Amino acid sequence: MSNAVIRALVSLLLAVTSFTTLSSELIVKLTVSPQEFLDEHPEVKELQPIAKDLNLYLAVSHERAVLDVNQKSGTMDGAKYTMANDIVTKRSQPNDPKFRNQWAFGRSGSKGSINPQDAWAISTGGVNILGQEVVAAVIDGGVDVNHPDLAGNMWVNQAEIPNNNIDDDGNGYVDDIHGWNAKSGNNYIPADNHGTHVAGIIGAVGNNGTGVTGVNWNTKIMAINGASTNTAQVLRAYNYVLKQKKLWIETKGAKGANVVVTNSSFGIDGANCNSSRYQAWNDMYNEMGKYGIISAVATANRKYDIDVKGDVPTGCTSPYIISVTNTDDRDRLYSSFWGGGAAWGKKGVDIGAPGTEIYSTLPGRATGPNTGTSMATPYIAGAVALMHSSASVDFAVNFDEDPAKYALDLKKIILDTAKQLSSLKNKTVTGGRLDLGKAVTEINQY
Ligand SMILES: [Ca+2]
Ligand SMILES: [Ca+2]
Ligand SMILES: [Ca+2]
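Last residue of the sequence shown: 496 in our numbering, with the numbers rising by one and none dropped.
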């Protein structure tokens, strides 16, 4: 049998077994009048016009007899060609097996979904329109850089030769390949549970038939170990990011990294960020902001108002942070029967994002669920990265010339396009939850 015949038989089999509703239909391009065609083919019950100017009709059979092999391969009297009425799927649906568990990526209109399909129809991540790498820095406990769903999306310091004990690129850090360990002052990145989960939300490799997909199917993740320690180590972690970005700007991309966003899923509960005691936090966010870096920060996993209780860093006043709380698959502010919850603040918390029962990567080739503002924040960090990958030439050029100004423009787009929710009204600055599709569309048309 020829390949064409085998393929036709296979598609016939598929049509009969899985798509029986379509097995009685066939698209035909007529070379005769519809009536002549009907006379010629008694098995065809009717011809429904598709595009008359092109002589395209949908032939509907009395029975399945219309679906014989010859018709499938394109020979039918009175027709120039015939085609199966195949199912057409949106390009923006990845093939990752655990995608079905990722409710935050549900189809447009489904409750709680951040509407990714409209975003992915524009871009699924990667270099921006000027060909520049887009890097998201995960300040956490480390990332499993060898995870099959993350390895391909880890940032690699191309100017550094690994494991030669020399700071080849002269950035002040020896053998820093995927990031830095600010806790121990070396290049060792632990395969931390929490950081691996966060990284996967931002950028697990999408459409690779493995695990989950990130907000970005394709991106660059820089891993910095600096969470769950103390303030000095957190600031050292941010300083690594800051230095890489400055170096990237100074060398016009030859060295350093084009970090556009940091993700921070940690903090100090009940602290007043705007008292002198915490001044360095605001100073650091403002300094990174000067170089175009937005910092997505998680608010407390507590059922309280941070405008009253205080929070570091989400209560910090730096305009370069986006503070994030946790919404569930029914667009409610997360609250568990067992006492768990998510903080709010009409002044201090900017926006909600999915953070409840979120599926992502875990160390050792695994995937699994996790809940917390820690999971909500990387949706925002991922959105910032994806927006840079999707941005128009106008935005990208403007951002290059004045990153401090245009980073704030990008933030404004995220906040302005948020989907309004009754559950977040008067509880967040925006009263809304991330709408990835709208944010990406807007910056693409900037
Ligand atoms: Ca180095
Ligand atoms: Ca080296
Ligand atoms: Ca994947």
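Note that beta-carbon positions come from the ideal geometry of N, C-alpha and C, so glycine has one too.
Values in this document were obtained by computation on a predicted structure and should not be read as measured data.
Nearest-angstrom Cα separation, counted from residue 156 out to residue 380: Walking along the sequence shown from the start, residue 380 turns up at place 330. Walking along the sequence shown from the start, residue 156 turns up at place 106. C-alpha separation (whole angstroms): 12 Å.
In its own chain, which residues sit with a C-beta less than 6 Å from the C-beta of residue 322, not counting the 5 before and 5 after it? Taking the first residue of the sequence shown as position 1, residue 322 is located at position 272. Contacts found: 360.
Measuring only from the beta carbon, is residue 207 closer than 7 Å to any heavy atom that is part of ligand 3? Mapped onto the sequence shown, residue 207 falls at position 157. Checking the Cβ of residue 207 against ligand 3 gives no.
State the DSSP-derived secondary structure class of residue 381, mapped to helix, strand or coil. Locating residue 381 in the sequence shown gives position 331, where the first residue counts as 1. If DSSP states are grouped into helix, strand and coil, residue 381 belongs with coil.
How should residue 478 be labelled, buried or exposed, when 16 other C-beta atoms within 10 angstroms of its C-beta is the threshold for buried? Numbered from its first residue, the sequence shown carries residue 478 at position 428. Residue 478 is buried by the Cβ-count criterion.
Decide if residue 238 is buried, meaning its Cβ has at least 16 other Cβ atoms within 10 Å, or exposed. Translated into the one-based positions of the sequence shown, residue 238 becomes position 188. That one is exposed.
Report yes or no: do the stretch 239 to 255 and the stretch 199 to 209 share at least 3 C-beta pairs separated by less than 8 Å? yes
Between which residues of its own chain and residue 242 is the CB-CB distance below 6 Å, once the five residues before and five after are set aside? By 1-based counting over the sequence shown, the position of residue 242 is 192. If we look at residue 242 and ignore the five residues flanking it on each side, its Cβ neighbours are 191 and 192.
Same chain, Cβ closer than 6 Å to residue 418, five either side skipped, listed in chain order: In the sequence shown, residue 418 corresponds to position 368, counting from 1. Excluding residues within five positions, the ones whose Cβ falls inside 6 Å are 412.
Relative to the alpha-carbon of residue 16, which residue among 259, 302, 438 and 476 has its alpha-carbon at the smallest distance? The chain is shown from 51 up to 496; residue 16 falls before or after that span and cannot be answered.
Where does residue 107 sit, in a helix, a strand or coil, going by DSSP? Numbered from its first residue, the sequence shown carries residue 107 at position 57. Residue state, collapsed to three classes: strand.
Alpha-carbon to alpha-carbon, residue 441 and residue 72: Residue numbering aside, residue 72 sits at position 22 when the sequence shown is read from its first letter. Residue numbering aside, residue 441 sits at position 391 when the sequence shown is read from its first letter. Confidence is the limiting factor: at residue 72 the pLDDT is only 42, short of 50, which leaves the residue's position unreliable, though a coordinate-based value still follows. One C-alpha to the other measures close to 40 Å.
From residue 427 to residue 232, what does the alpha carbon distance come to, in whole angstroms? As a position in the sequence shown, residue 427 is number 377, starting the count at 1. As a position in the sequence shown, residue 232 is number 182, starting the count at 1. So the two alpha carbons sit approximately 21 Å from each other.
Three-state secondary structure (DSSP) of residue 292: The count along the sequence shown starts at 1 and reaches residue 292 at position 242. It is helical.
By Cβ distance, which residues of its chain are closer than 7 Å to residue 454, with the 5 residues on each side in sequence left out? Taking the first residue of the sequence shown as 1, we reach residue 454 at position 404. 339, 340 and 342, listed in sequence order.
Is there a Cβ of chain B sitting closer than 8 Å to that of residue 314, yes or no? The chain inventory of the structure shown lacks chain B, comprising one protein chain alone.
Would you call the CB atoms of residue 179 and residue 392 closer than 8 Å? Position 129 of the sequence shown, counting from 1, holds the residue named residue 179. Position 342 of the sequence shown, counting from 1, holds the residue named residue 392. Going by C-beta atoms, residue 179 is not nearer than 8 Å to residue 392.
Buried or exposed by the 16-neighbour rule on C-beta atoms within 10 Å, applied to residue 367: Here residue 367 corresponds to residue number 317 of the sequence shown, with the count starting at 1. So residue 367 counts as exposed.
Does DSSP put residue 388 in a helix, in a strand, or in coil? Counted from its first residue, the sequence shown places residue 388 at position 338. DSSP places residue 388 in coil when its eight states are reduced to three.
DSSP three-state label for residue 336, please. For the purposes of this step, residue 336 is identified with residue 286 of the sequence shown, where counting begins at 1. The answer is helix: DSSP assigns residue 336 an H, G or I state.
Is it the case that the CB of residue 183 approaches a heavy atom of ligand 4 more closely than 7 Å? Ligands in the displayed structure: ligand 1, ligand 2 and ligand 3; ligand 4 is not one of them.
Roughly how many angstroms separate the alpha carbons of residue 264 and residue 194, rounded to a whole number? Walking along the sequence shown from the start, residue 264 turns up at place 214. Walking along the sequence shown from the start, residue 194 turns up at place 144. Approximately 15 Å between the Cα atoms of the pair.
Just grab the DSSP bridge partners of residue 312 for me. Along the sequence shown, one-based indexing puts residue 312 at 262. In DSSP, residue 312 forms a bridge with 187 and 345.
What residue range is occupied by the uninterrupted beta strand (DSSP E) comprising residue 404? Within the sequence shown, residue 404 is the residue found at index 354, counting from 1. Residue 404 -> beta strand (DSSP E) spans 401 to 404.
Count the other CB atoms, across all protein chains shown, that sit within 10 Å of the CB of residue 365; report buried if there are 16 or more and exposed otherwise. On the sequence shown, position 315 is the one that residue 365 refers to. Residue 365 is buried by the Cβ-count criterion.
Through-space distance from residue 76 to residue 69, alpha-carbon basis: Translated into positions along the sequence shown, residue 69 becomes position 19. Translated into positions along the sequence shown, residue 76 becomes position 26. Its pLDDT being 34, under 50, residue 69 is placed unreliably in this model, and the coordinates cannot settle the point.
At least three beta-carbon pairs within less than 8 Å, the stretch 318 to 338 to the stretch 289 to 306: yes
Heavy atom of ligand 2 within 7 Å of residue 236 beta-carbon: Taking the sequence shown and counting its residues from 1, the one referred to as residue 236 is at position 186. Every heavy atom of ligand 2 is 7 Å or more from the Cβ of residue 236, so no.
Could you check whether residue 79 and residue 185 sit closer than 8 Å to each other, using their CB atoms as the reference points? Position 135 of the sequence shown, counted from the first residue, corresponds to residue 185. Position 29 of the sequence shown, counted from the first residue, corresponds to residue 79. No.
Please state whether DSSP places residue 71 in a helix, a strand or coil. Translated into the one-based positions of the sequence shown, residue 71 becomes position 21. Only weak support is given to the placement of residue 71: the predicted model assigns it a pLDDT of 33, under 50, and the value that follows is read from those uncertain coordinates. Helix at residue 71.
Counting by C-beta, which residues lie closer than 5 Å to a heavy atom of ligand 1, in chain order? 210, 217, 219, 221, 223 and 226
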